[in-house]
Amino acid sequence: MIDDNALTITQYAHPSFPFPDDEYYWRVKAGDGVIWTEWSEAWSFFIDTRLPSGAVCSSPDSMGNIFPVSWTAGTDPSPSSGIVAYNIYVSENDSQNYEIWLEHYQVGLMVLFRDGQHGHIYYFEAIAVDSAGNYEEVTFTPECSTYVDTSFEGYQCEYMPGDVNMYNGIWPPAVIGADVTYLVNYFRSHPSGQTCILAGFWCSADANGDCIIVGSDVTKLVNYFRGQTELSYCIDYEPAWHDAVELPPSPPESWPNCEGNGNVR
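At position 213 of the sequence shown the residue is numbered 233 (our numbering), and the sequence of numbers has no breaks.
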């Protein structure tokens, strides 16, 4: 608690600063020794000096020149100012010389890498950033790698756009209100069990077809149920069935068949 009534300046540095990591509130009032104003509104600032951690990249072992790179959500020691962004580093062929591919990326936890060259290996490392400007330690140690083989012709993934919560053994698939709930819960807690993962990409959740899984996919689904739009899909992962009319009478033997080539680590 600071209570100093002898200040004659408009800025102040407390001799005990820096304080321990936490959120702090402050307010001021002015006076001439006889009459004082009312207190100002309260402002706050957050001190966070500890580094975040825990962001780890995943990518398919082998893929064409366009492939998804995803990463786990970082964590920030409590009291936390919160994770706000990620830096993604990439190295081509030697796993030693890294450069930033995505800097202060805030949209989601997956992006398509579109610059792959045949026969090259790409290594990735993810770095979490908190709102205080602290960066997870960069180790330049690859967390995953992908070999680019342009003879790969892609996959037609067995899914229906917007059928977010599709599961093995349930037929026929359908886009219903529960898909909205499932996707909202995913953004709240990132549960495991996302279905129809094609080389790291959750095909059926990409309702607006921009090849990333973000909050606007929820908006797209809601507008779809209102009759205001049609669902889309990522052009790099074409669905086997676009709507219920195209569904076969019974599920494919291996449905959903969405693993693609290589394992996501």
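Where a beta carbon is used, it is the ideal one built from N, C-alpha and C, also for glycine.
Pick from the options that is closest to residue i, judged by C-alpha positions
i    : options                  : result
F160 : F144, G74 and A148       : F144
R134 : G53, I86, N205 and I255  : I86
D263 : A227, W59, Y202 and N243 : A227
V204 : D237, C164 and Y179      : D237
F287 : G235, T166 and W59       : Shown here, the chain extends from 21 to 285; a query on residue 287 therefore has no answer.
G128 : V200, I196, P269 and A93 : A93
P80  : E61, A152 and V131       : V131
Y44  : S252, W56, S100 and I255 : S100
P268 : C254, W191, D256 and D42 : W191
A148 : E178, R70, I232 and E58  : R70
E266 : V89, I120 and Y179       : Y179
P271 : P193, S224 and S82       : P193
H140 : A225, S82 and G74        : S82
Outcome for residue i when other beta-carbon atoms lying within 10 angstroms are tallied against a minimum of 16
i    : result
P72  : buried
Y221 : Per the sequence presented here, residue 221 reads as Phe, with Tyr not at that position. With 16 or more other Cβ atoms within 10 Å, it is buried.
D96  : buried
T57  : exposed
G136 : buried
7 Å CB neighbourhood of residue i in its chain, flanking five on each side removed
i    : result
A300 : There is no way to answer for residue 300, as the model of the chain reaches only from 21 to 285.
V200 : V238, L241 and V242
T170 : G84, N85 and H138
Beta bridge counterpart(s) of residue i as assigned by DSSP
i    : result
C254 : DSSP, once it has assigned bridges, lists no residue as partnering C254.
C177 : P259
W46  : W63
N107 : I147
C231 : The partner list for C231 (beta bridge, DSSP) is empty, contrary to what the question assumes.
I190 : DSSP lists no partner for I190.
Other residues of its chain near residue i: CB distance less than 6 Å, five sequence neighbours each side excluded
i    : result
S252 : N228 and G229
W59  : R47 and K49
Contact between the stretch 122-131 and the stretch 92-105 (3+ Cβ pairs under 8 Å): Yes, they touch.
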